[in-house]
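Note sheet for the following structure.
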């Protein structure tokens with residue numbers, strides 16, 4: 001009687017494995033057993049949607065280490081968001097009379113990355129699921145794959161209206177990165193096995209040639225690469241993101257991981273630099289390093305006080321350690337030395353042209369300090385008034401540029417510093433051997449202008465004819 005039962009059981013085992021392989025082809029692994037009684041099953045735990053996973057310290061590591069080596073205080077849980085957990089590997093022995101007369105045996109149960117520390121309870125749960133006369137392998141796989149066994153083991157917790165998976169483990173900090181890496185690898189593997197239509201070029205591409213962004217939209221890498229490379233080269237990093245019209249309208253940008261998967265490392269560095277530059281440019285207290293090979297943004301030190309001492313102008317570049325003045329962008333010249341006026345005129349012009357209480361004026365005061373700007377504007381206005389006075393009431397030497405002011409007399413000047421002869425009216429250099437030719441040559445601007453009319457009127461000069469001098473001499 002046992003012969004027909006064994007034959008029927010063998011047929012049922014074969015049919016059960018065929019069904020299992022047709023539904024989960026990656027689940028059944030080669031066992032290397034010649035008799036065919038030992039089967040190896042590898043089941044990936046799929047949590048479905050993103051599930052909150054809390055890895056809590058079970059205290060076992062501290063117990064083993066002893067009181068002297070255990071850490072004190074409460075260890076906070078590692079909180080992750082996962083869609084899968086590492087696989088469970090089963091080695092199952094199917095007796096000749098399975099499933100009609102005997103239950104299957106679990107030779108070994110291995111948890112990848114040891115994320116579940118109580119395999120004995122899982123083994124018991126699986127064995128208790130067997131019912132005489134029915135195959136149980138598919139039920140095992142389905143229960144493991146769906147994660148239903150986690151609920152039966154009491155690992156799902158409801159707290160404050162939230163449900164999360166609670167995984168006790170002796171080393172939460174070591175387990176967390178392993179679970180994240182496994183989840184990322186599984187998502188990538190599943191994504192690459194399907195085809196998707198790019199909404200830019202409308203071509204269907206395999207997942208290995210596409211990228212799923214954090215917003216859920218999928219584009220082929222070629223379209224993303226063409227657009228993102230151009231935007232990074234042009235410095236328009238606000239457009240390095242999702243190409244869907246709705247996301248473009250919201251200004252949704254790509255994260256660093258997404259950018260690294262599309263463009264080159266050099267372009268990633270430029271993108272990071274542009275992003276940092278944009279952040280600092282939005283801060284009015286930030287200036288850029290004046291070194292041509294650096295140009296890094298330099299924020300104002302947090303502990304720097306605008307007390308009018310001059311030290312608030314000091315900046316030190318965090319990239320190249322160059323110390324410079326935030327006003328004139330030159331090497332730091334000390335707190336007592338004023339900045340060269342020409343280098344400050346642009347800032348003064350912007351500050352003077354802005355109205356009181358305006359955003360432009362407030363930003364300038366935040367960047368350079370209100371007291372510094374007030375002192376700089378006052379000094380600049382004084383210098384400007386002096387320059388205007390000298391321009392109107394003096395003439396510079398054409399050779400050494402020394403300013404000369406005439407109180408009275410003719411327009412023929414001799415520089416006291418370099419002895420250059422020049423015209424006070426037009427500033428032109430004169431011939432030392434005949435300086436008056438400039439005033440006696442017709443068609444020249446200063447013809448007959450050796451004396452200004454104001455000089456003649458003030459001193460009652462009388463024109464003298466050459467013939468009158470000759471007659472008087474006789």
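Numbering (our numbering), first residue to last: 1 to 474. From the three backbone atoms N, C-alpha and C, an ideal C-beta is built for every residue, glycine too. Here the structure is a predicted model, which means the values were calculated and not measured.
Count the other CB atoms, across all protein chains shown, that sit within 10 Å of the CB of residue 189; report buried if there are 16 or more and exposed otherwise.
-> The count along the chain shown starts at 1 and reaches residue 189 at position 189. Looking at its Cβ environment, which holds fewer than 16 other Cβ atoms inside 10 Å, residue 189 is exposed.
Return the first residue and the last residue of the beta strand (DSSP E) that residue 85 is part of.
-> Mapped onto the chain shown, residue 85 falls at position 85. Per DSSP, residue 85 belongs to the beta strand (DSSP E) from 78 to 93.
Go to residue 302, then tell me how far its beta strand (DSSP E) extends in each direction, as first and last residue.
-> Translated into the one-based positions of the chain shown, residue 302 becomes position 302. Note, residue 302: premise wrong, no beta strand (DSSP E); not H, not E.
Taking residue 352 as the reference, give the member of 428, 337, 54, 380 with the closest Cα.
-> Translated into the one-based positions of the chain shown, residue 352 becomes position 352. Residue 380 is the option with its Cα nearest to residue 352.
Looking only at C-alpha atoms, which of 417, 412, 453 sits nearest to residue 439?
-> Taking the chain shown and counting its residues from 1, one reaches residue 439 at position 439. It is 412 whose Cα lies nearest to the Cα of residue 439.
Which of the three DSSP states, helix, strand or coil, is assigned to residue 351?
-> Taking the first residue of the chain shown as 1, we reach residue 351 at position 351. DSSP places residue 351 in helix when its eight states are reduced to three.
If we count Cβ pairs, one from each stretch, closer than 8 Å, do we get three or more for the segment 278 to 288 versus the segment 250 to 259?
-> no
Stretch pair the segment 222 to 235 + the segment 258 to 272: three plus CB contacts closer than 8 Å = The segment 222 to 235 makes contact with the segment 258 to 272: 3 or more CB pairs, one atom from each, lie closer than 8 Å.
Per-residue burial, residue 23 [other beta carbons within 10 Å of its own, 16 or more giving buried] = Indexing the chain shown from 1 puts residue 23 at position 23. Burial is judged here by how many other beta carbons sit within 10 angstroms of a residue's own beta carbon; residue 23 has fewer than 16 and is exposed.
Can you tell me where the alpha helix (DSSP H) with residue 210 in it begins and where it stops?
-> Stepping through the chain shown from its first residue, residue 210 is reached at position 210. It is not in any alpha helix (DSSP H) - residue 210 instead sits in the beta strand (DSSP E) that spans 210 to 212.
Cα-Cα separation, residue 158 to residue 25 | The residue given as residue 158 occupies position 158 in the chain shown. The residue given as residue 25 occupies position 25 in the chain shown. So the two alpha carbons sit approximately 35 Å from each other.
Helix, strand or coil: how does DSSP classify residue 198 here?
-> As a working mapping, residue 198 is identified with position 198 in the chain shown. In this structure, residue 198 counts as coil in the three-state DSSP scheme.
Using the DSSP secondary-structure output, state which residues sit across from residue 415 in a beta bridge.
-> For the purposes of this step, residue 415 is taken as the residue at position 415 of the chain shown. Answer is none; residue 415 lacks a bridge partner.
C-beta atoms of residue 213 and residue 221 nearer than 8 Å = Taking the first residue of the chain shown as 1, we reach residue 213 at position 213. Taking the first residue of the chain shown as 1, we reach residue 221 at position 221. Residue 213 is not a Cβ neighbour of residue 221, given a cutoff of 8 Å.
Taking residue 168 as part of the beta strand (DSSP E), name the residues at either end of that continuous run.
-> Position 168 of the chain shown, counting from 1, holds the residue named residue 168. Residue 168 -> beta strand (DSSP E) spans 162 to 169.
Between residue 313 and residue 363, what straight-line distance do the alpha-carbon atoms span, to the nearest angstrom?
-> In the chain shown, the residue the question calls residue 313 occupies position 313. In the chain shown, the residue the question calls residue 363 occupies position 363. About 15 Å.
Any chain C beta carbon closer than 8 Å to residue 237 | Considering every chain present, this structure includes no chain C. It has just one protein chain.
So what does DSSP say about residue 425, is it helix, strand or coil?
-> The sequence position of residue 425 within the chain shown is 425, counting from 1. Coil.
Within 10 angstroms of its Cβ, does residue 281 collect 16 or more other Cβ (buried), or is it exposed?
-> In the chain shown, residue 281 corresponds to position 281, counting from 1. Exposed: under 16 other Cβ atoms inside 10 Å.
Report the option in 46, 149, 406 whose CA atom is closest to the CA atom of residue 390.
-> Residue 390 sits at position 390 when you count from the first residue of the chain shown. Selected option, being the one with the closest Cα: 406.
Measuring CB to CB, does residue 420 end up less than 8 Å from residue 398?
-> Sequence index remark: in the chain shown, residue 420 carries index 420 (1-based). Sequence index remark: in the chain shown, residue 398 carries index 398 (1-based). For the 8 Å CB-CB criterion, residue 420 and residue 398 form a contact.
Touching by the beta-carbon criterion (3+ pairs, under 8 Å), the segment 4 to 20 and the segment 52 to 60 | no
Work out the CA separation of residue 425 and residue 325 for me, nearest whole Å.
-> Taking the first residue of the chain shown as 1, we reach residue 325 at position 325. Taking the first residue of the chain shown as 1, we reach residue 425 at position 425. Cα-Cα distance, rounded: 42 Å.
Residues near residue 172 by beta carbon distance below 8 Å, same chain, minus five either side = The count along the chain shown starts at 1 and reaches residue 172 at position 172. Cβ contact annotation for residue 172 (same chain, cutoff 8 Å, sequence separation greater than five): 55, 56, 57, 75, 77, 78, in chain order.
Count the other C-beta atoms from every protein chain shown that fall within 10 angstroms of the C-beta of residue 327, then say buried if there are 16 or more, exposed otherwise.
-> Residue 327 sits at position 327 when you count from the first residue of the chain shown. Result: buried.
To which residues of the same chain is residue 123 closer than 6 Å at the C-beta, ignoring the five residues directly before and after it?
-> For the purposes of this step, residue 123 is identified with residue 123 of the chain shown, where counting begins at 1. Only 106, 109 meet the Cβ criterion.
Does DSSP put residue 291 in a helix, in a strand, or in coil?
-> For the purposes of this step, residue 291 is taken as the residue at position 291 of the chain shown. The answer is coil: DSSP assigns residue 291 none of H, G, I, E or B.
Counting only the same chain and skipping the five closest in sequence on each side, list residues whose C-beta sits under 8 Å from that of residue 447.
-> Here residue 447 is taken as the residue at index 447 of the chain shown, counted from 1. Excluding sequence neighbours, residue 447 sits near 439, 440, 441.
What are the residues that DSSP puts in a beta bridge with residue 56?
-> By 1-based counting over the chain shown, the position of residue 56 is 56. Residue 56 is bridged to 168.
Buried or exposed by the 16-neighbour rule on C-beta atoms within 10 Å, applied to residue 65 = For this step, residue 65 is matched to residue 65 along the chain shown. Residue placement at residue 65 cannot be trusted, given a pLDDT of 48 that sits under 50; the coordinates are not used to answer.
With DSSP as the reference, please indicate the residues paired to residue 220 in a beta bridge.
-> Counting from one through the chain shown, the residue named residue 220 turns up at place 220. BP columns for residue 220 point to 210.
Is residue 107 helix, strand or coil by DSSP?
-> Residue mapping note: residue 107 aligns to position 107 of the chain shown, counting from 1. Three-state DSSP puts residue 107 in a strand.
Which same chain residues, not among the five before or five after residue 50, have their C-beta less than 6 Å away from its C-beta?
-> Residue numbering aside, residue 50 sits at position 50 when the chain shown is read from its first letter. Once the five neighbours on either side are set aside, the close Cβ partners of residue 50 are 81, 83.
Does the segment 119 to 134 come close enough to the segment 15 to 22 to have 3 or more Cβ pairs within less than 8 Å?
-> no
For residue 377, collect the residues of the same chain with a Cβ closer than 6 Å to its Cβ; drop the 5 residues on either side in sequence, then sort them by chain order.
-> Taking the first residue of the chain shown as 1, we reach residue 377 at position 377. 348.
Could you have a look at residue 204 and say whether DSSP puts it in helix, strand or coil?
-> As a position in the chain shown, residue 204 is number 204, starting the count at 1. In this structure, residue 204 counts as strand in the three-state DSSP scheme.
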